[in-house]
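Everything on this sheet refers to the single structure shown next.
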Amino acid sequence: MRIYDIEVQTSQDELQPLSDFEGQVLLIVNTASKCGFTPQFEGLQELYNEHKDRGFTVLGFPCDQFMNQEYSNQDDILEFCQTNYGVNFPMFKKIDVKGEYQSPLFTFLTEQKKGFLNGEIKWNFTKFLVDQNGQVVRRYAPQVSPDKIKKDIEQLII
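Going by UniProt numbering, 122 is the number at position 122 of the sequence shown; the sequence numbering is gapless.
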């Protein structure tokens, strides 16, 4: 299976194939609106603004599996991100990133880059960097701020 074979649900509840992003460098992040790492939205948006015209996209996937730190309503999630952080990169429907109902995307990502808990996502704002060919090249822990990822992104989009 390739990452481009996976479909995800948009925040408007429509299926979107990840093949729509083929050829781009992607930073895929599981997000939460009420987390200590939530201010990272600002840095993620800055990365997106700086590199979106060079074949880079941030994909945000809200998740409520870690101490109920996400709104239950999808519209509330989008409004929070847009109002507080000016987020305009793609934000998708809230998903599970671990456990029995783990989304196929996060199953794929965690199989490619295991991390410290044998693949399982341990907290909000775990980030995966995917190159233009769909290869997962790096996994970043939640505490790694977006500015620390900038150099890795720039090496891929050159």
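For each residue, glycine too, the CB sits at the ideal point set by N, CA and C. Given the structure is predicted, the values throughout are model-derived calculations rather than measurements.
- In the same chain as Gln40, and ignoring 5 residues on each side of it, the C-beta atoms closer than 7 Å to its own belong to Phe125, Ser145 and Pro146, in chain order.
- Rounded to whole angstroms, Glu79 and Gln143 show a C-alpha spacing of 24 Å.
- The Cβ neighbour count for Asp13, taken over all protein chains shown within 10 Å, is under 16; the residue is labelled exposed.
- Judged by DSSP in its simplified three-state form, Asn30 adopts strand.
- Contact annotation: Pro90 and Leu59 have beta-carbon atoms nearer than 7 Å.
- Out of Arg138, Thr107, Glu70 and Gln16, the CA that lies nearest to the CA of Lys34 is found in Glu70.
- Considered as a whole, the UniProt domain "Thioredoxin" (1–158) harbours 40–51, 74–85, 104–112 and 150–157 as its complete alpha helix (DSSP H) runs of no fewer than 4 residues, in chain order.
- One Cα belongs to Arg138, the other to Phe66, and the distance between them is close to 22 Å.
- One thing to note: Leu27 has its Cβ within 7 Å of the Cβ of Leu129.
- Setting aside the 5 residues that flank it on each side, Pro62 is surrounded in the same chain by Thr31, Glu70, Ile77 and Lys94, each with a C-beta closer than 6 Å to its C-beta; the list follows chain order.
- Cβ contact annotation for Asp96 (same chain, cutoff 8 Å, sequence separation greater than five): Cys63, Gln65, Gln102, Ser103 and Phe106, in chain order.
- Taking C-beta separations shorter than 8 Å and ignoring five residues to either side along the sequence, the partners of Ile153 in its chain run Val25, Leu27, Leu47, His51, Phe56 and Leu129, following chain order.
- For Gln45, same chain residues with a beta-carbon under 8 Å away, outside a window of 5 residues either side, are Val58, Tyr85, Gly86, Val87, Asn88 and Phe89 in chain order.
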